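Chains as they are written, first to last, in our numbering: chain A, -12 to 423; chain B, 18 to 236. Note that CB positions come from ideal geometry on N, CA and C, so glycine has one too. Given the structure is predicted, the values throughout are model-derived calculations rather than measurements.
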């Protein structure tokens, strides 16, 4: 017999972990002991930065990948393969280009064995509901991004799922289209016209999460785990300019930057040398530009992250990457949702190009362990050259292949700007010779 | 201000083959051996069929051209089940490798969508994977048809020791005329082949390709 809590919840995730194999043979943990329960009638958001494992969790729930350990149950039954009563909306729409809108929408019903007249009626109803009337015989290629995602929604809704999974459904759309689609969806949800019980959505957009969700789980990265759970009690439709709304967005920003602060030292603590730090590529031009912006008015060295993101038209995720890069290089300090220039950062803003490069090089050597390592190896070798593969292997002991790629790319780009060492794309060699 | 989000180049990646590469290599070499062996088997009955020399009478040219065309179409259409006239041996690979490329390039999100909507069995084949690799099949078939016109000249006349196998067809016509140094007939044969290639191109290849591009091309 099922006990009461399991019966009343749609989805029950207990202690789910997931790891992926990595170059060095040690697995990379992307999800660590995640608990999540979803009840009827709520929209739950998984909010986190890229690489926090939130999409992986969604795929475990969709039955597309299996958890490495832990317990994932849908309506009391352990998830093995795609469960009934769960359907998914994809970031990339994932429509079949050889099927018309109507055929795409009918496909899920066909697989469920619904007979053809009933299938047609239900598909047309879903198309009607989601505002695709008149496009039934169009092929996906003929539609705009917004209309394609509407097909994605219709296809997911037509099977009348209990739980609708959405994987960053608005992030491939332009700002206006995304907002229209969000409000349309929320309107249908409030009016009770969606044939679903609950929604679980993955997003990295803080405002989107606050706008749509009743409950937000904030994920931390490396490995992904639930860092906080935030209830959003604001009534729908929500106003982005409402002070309470802004306050909530600010507090989530602050919480996510707090995470970033406590994270850096733990990575060094675990790996000792700090060589295993993942470096996200940010162009040195962008970094100098940001330092200049921060140094000038109205910020004068101190900016509120949401305000800064708004004025530079950046996503939360992007501004975090930039802020963290500056913090790593000790040109700025992130805390409580603010970004403050350090003395070195202020100095950088007022220097000429050559002096900037020198300061940048100094900070790279001092604060980015892998840069110091490469420079040391190059200095020690008589040939003053070293193959990239030598450092890639070392990086892959700590991180996945894609992250090692990104880190190497960052190393090359920053080292070129700082004129620390050179890299030859053809031979894949680092060297000390600097063509002046 | 824009943030750089270009995908990182694979710096310093090693080129050593992994376990899967080895398994794939063994499978492909195995397939090659099988086909050559299968091809060898079929030459025996062929020798009994056709030892008569090809007539160089231009009046026979239409029927020869038709035979070569049919042979080629058969080679392309039937390539999935690998029957084994000699021409197929030459054209098989274009199609096989294109189809393999198509299957491995099939987008992950479509695979996931098919899985999450419970598409299985024949429905999965018909609605998902076959349309997905069809453009690649067409590309392979077009390349193969180009190759097989050339191949027909060689393939329709084959010698095995003292046995000379000749299938009557346009390729054999050109091959025989070349062998005898009959210049006007060589020109005639090549002209007919050019016309056929053009017709083939216009009537079959382009519409198929356009269909594949319009309906089935991914992304």
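- Membership of residue 26 of chain A in the beta strand (DSSP E) is indicated by the continuous run 15 to 26.
- For residue 207 of chain B, the three-state secondary structure derived from DSSP is helix.
- With fewer than 16 neighbouring CB atoms inside 10 Å of its own CB, residue 345 of chain A falls in the exposed class.
- Between the segment 388 to 404 of chain A and the segment 264 to 271 of chain A, the count of C-beta pairs closer than 8 Å reaches three or more; the two stretches touch.
- As the crow flies, the alpha-carbon of residue 178 of chain A is around 17 Å from that of residue 167 of chain A.
- Taking a 10 Å sphere around the C-beta of residue 413 of chain A, we find fewer than 16 other C-beta atoms and assign the residue as exposed.
- Residue 74 of chain B and residue 185 of chain B have their C-alpha atoms spaced approximately 12 Å apart.
- Within the segment 118 to 142 of chain B, the residues whose Cβ lies closer than 7 Å to some Cβ of chain A are 126, 127, 129, 130, 132, 133, 134, 135, 136, 140, listed in chain order.
- Within chain A, 85 have C-beta atoms less than 7 Å from the C-beta of residue 148 of chain B, given in sequence order.
- Annotated as distal: residue 55 of chain A and residue 135 of chain A, with beta-carbon spacing of 7 Å or more.
- The Cβ of residue 157 of chain A sits no closer than 7 Å to any Cβ of chain B.
- Pairing residue 73 of chain A with residue 125 of chain A gives a Cβ-Cβ distance that is not under 7 Å.
- In this structure residue 91 of chain A is buried. Its beta-carbon is surrounded by 16 or more other beta-carbon atoms within 10 angstroms.
- Residue state for residue 86 of chain B is assigned as helix, using DSSP reduced to three classes.
- Secondary structure note for residue 0 of chain A: its beta strand (DSSP E) is the uninterrupted segment -4 to 7.
- Those residues of the segment 332 to 344 of chain A placed with their C-beta closer than 7 Å to a C-beta in chain B do not exist.
- Looking at the backbone, the Cα of residue 310 of chain A and that of residue 337 of chain A are separated by about 19 Å.
- For residue 206 of chain A, the pairing in a beta bridge is given by DSSP as A:213.
- Ranked by Cα distance from residue 331 of chain A, the options A:343, A:99, A:307 are led by A:343.
- Neighbourhood of residue 75 of chain A in chain B, by CB distance below 7 Å: 133, in chain order.
- Around the C-beta of residue 25 of chain A, 16 or more other C-beta atoms lie within 10 Å, and the residue is accordingly described as buried.
- Residues of chain A with a Cβ closer than 8 Å to the Cβ of residue 145 of chain B are, in chain order, 83.
- Residue 79 of chain A reaches chain B at 126, counting residues in chain order whose Cβ is nearer than 7 Å.
- Secondary structure at residue 114 of chain A: helix, using DSSP grouped into helix, strand and coil.
- For residue 69 of chain A, the neighbours in chain B by C-beta distance under 9 Å run, in chain order, 132, 133, 134, 135.
- By the beta-carbon neighbour count (other beta carbons within 10 angstroms, threshold 16), residue 149 of chain A is buried.
- Between the alpha carbons of residue 301 of chain A and residue 157 of chain A lies a distance of about 15 Å.
- In the DSSP annotation of this structure, the continuous segment of the beta strand (DSSP E) that includes residue 289 of chain A starts and ends at 289 to 291.
- Taking 7 Å as the Cβ-Cβ cut-off, the segment 272 to 289 of chain A approaches chain B at 273, 276, given in chain order.
- Residues of the segment 94 to 106 of chain A with a C-beta less than 8 Å from any C-beta of chain B: 94, 95, 97, 98, 99, listed in chain order.
- Taken through DSSP and simplified to helix, strand or coil, residue 52 of chain A comes out as coil.
- The beta carbon of residue 149 of chain B sits closer than 6 Å to the beta carbons of 123 from its chain, once the five residues preceding and following it are set aside; these are given in chain order.
- Residue range 409 to 411 is occupied by the beta strand (DSSP E) that includes residue 410 of chain A, with no alpha helix (DSSP H) assigned at that position.
- In summary, the residues of the segment 24 to 50 of chain A whose CB is separated from some CB of chain B by less than 9 Å are 46, 49, 50, in the order they occur in the chain.
- Comparing C-alpha distances from residue 221 of chain A to each of A:189, A:207, A:198, A:390 shows the shortest one belongs to A:198.
- Assigned with DSSP and collapsed to three states, residue 285 of chain A falls in coil, not helix or strand.
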